[in-house]
Amino acid sequence: MPVPPPGAAPARGGPAREARLGESRSGESLLARVLPRFLRPRRASVAVPIERRMPRHLGTGLAFGFFGLVAAAGFVSGGGYAEISARYGTPVDMAARALGFGLDKVTISGLVQLHSSEILKAAGIDQRNSLPFLSVVDVRDRLATVPLIGAVSVRKIYPRELLVTLTEREPSALWQRNGEIAVIAADGTVIDQMRDGRFANLPLVVGEEANLRTKDYLALLDAAGPLKDRIRAGTLVSGRRWTLKLDGIDVRLPETGAREAVARLVRLEAESSLLEKDIIAVDLRLPDRVVVRLTEEGAAARLEAQKKQQKKPKGTET
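Residue numbers for the sequence shown follow my numbering, beginning at 154 and rising by one.
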């Protein structure tokens, strides 16, 4: 600091002002250390106009954004978005297809009774899908609801293939109850309703709880041997015994020993062609005899033969 020449008066207000400024700064520093933050003195800030603090063209961007939002809302509410999605898929699917990730190939393994078209329809898969945005969980859950499918797995193979591996339930018989026919497994579980003729050649069981006795009925068919193809159905009577429907003839089997009774029927047919006669029922429930019921024509012919037999003179050789 320059020293004033001798005899010169000190500069007016110089050192004194500096001392006061130092005292002020020390005081401010002390106050800043002692007082809470919200009571400390604040430095004056220069006010900046709001138009200088906002980004340029913000108003124009907000206006365009508003009108774009209004247009999009009108497009959705007017059904335009739904129509385009139904025809071409969602926007993300369309973008994925444009990038080469469309669903071009679906490989299905394990088909026996089902057709690939049925699988695709049940899975909800078509040309609108794209591989990245296809949920394999949703596809698997939809296929699991198909009664004829026992197990299914779905896997993506990028860039454009979906692999579906399934195991079908094996149909064992048809079950008729209350006028409706269902396809059932060997344990009696209902697989599906009879919808077409693909299962028409399966054995048919009829009656309440007949599905639970399917294995017994199939065993009777095996015992029938050469007569198996002539048996059209098996009716479970009172949940205890079977009646076989065979070429318009009812064959009543016993509650116990049904397989033996069927074997006896096979022998009778081989020895005397019993089933070729004018009968409508064969009762095998008694182990020591066979009871048959004739048709009306057969009964009339038998009655006529008996009358002729009675009119013959005694002692006439026959």
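Idealized CB from N, CA, C, for every residue including glycine.
Beta carbon of residue i nearer than 8 Å to that of residue j
i: V336; j: M347; result: yes
i: L397; j: L389; result: no
i: L287; j: I272; result: no
i: A377; j: V419; result: yes
i: L437; j: R417; result: yes
i: D431; j: T448; result: yes
Cβ shell of residue i (< 8 Å), same chain only, five flanking positions each side left out
i: D375; result: K381
i: R313; result: G253, F254, G255, L256, D257, K258, L284
i: R165; result: Here R165 scores only 48 on pLDDT, less than 50, and its place in the model should not be relied on; the value that follows carries that caveat. Excluding sequence neighbours, R165 sits near nothing in its chain.
i: R322; result: P300, L301, I302, G303, A338, T342, I344
i: Q280; result: G255, L256
i: V305; result: R293, L296, A297, V317, T318, L319, T320
Cβ-based neighbour list, residue i, same chain, cut-off 6 Å, excluding 5 preceding and 5 following
i: A434; result: D403, R446
i: A386; result: L357, V359, K398
i: V307; result: V289, V292, R293, V317
i: Y370; result: V358, G387
i: R383; result: L399, D400
i: V415; result: L373, A376, A377
i: L421; result: L427
Coarse secondary structure for residue i, derived from DSSP in three states
i: A335; result: strand
i: E408; result: coil
i: V419; result: helix
i: I272; result: helix
i: R250; result: helix
i: S288; result: coil
i: V245; result: helix
i: G366; result: The question names Gly, but residue 366 in the sequence shown is Arg. Three-state DSSP puts R366 in a helix.
i: L428; result: helix
i: T298; result: coil
i: E321; result: strand
i: A453; result: helix
i: G218; result: helix
i: G350; result: helix
One or two residues paired with residue i in a DSSP bridge
i: V444; result: D436
i: R308; result: L316
i: K381; result: According to DSSP, which records beta bridges pairwise, K381 is partnered with nothing at all.
i: T388; result: V359, T396
i: G255; result: S283
i: Q266; result: Partner(s): none; Q266 has no beta bridge.
Euclidean distance between Cα positions of residue i and residue j
i: P300; j: T213; result: 59 Å
i: T320; j: A338; result: 14 Å
i: G392; j: A363; result: 7 Å
i: K309; j: P379; result: 51 Å
i: R330; j: K274; result: 29 Å
i: R394; j: A423; result: 25 Å
i: G277; j: L316; result: 14 Å
i: L267; j: T243; result: 30 Å
i: L365; j: S270; result: 32 Å
i: V265; j: I334; result: 21 Å
i: E413; j: S262; result: 43 Å
i: D400; j: T367; result: 21 Å
i: E361; j: R250; result: 54 Å
i: D349; j: G332; result: 16 Å
i: D340; j: N354; result: 19 Å
i: A411; j: T260; result: 48 Å
i: S425; j: V444; result: 15 Å
i: N282; j: D246; result: 6 Å
i: G218; j: A248; result: 23 Å
Close beta carbons around residue i, own chain, < 7 Å, minus the five adjacent residues each side
i: F352; result: P324, L327, V336
i: D442; result: Note on residue identity: the sequence assigns Arg, not Asp, to residue 442. Closer than 7 Å at Cβ, skipping near neighbours: no residue.
i: Y311; result: L284
i: E450; result: D431
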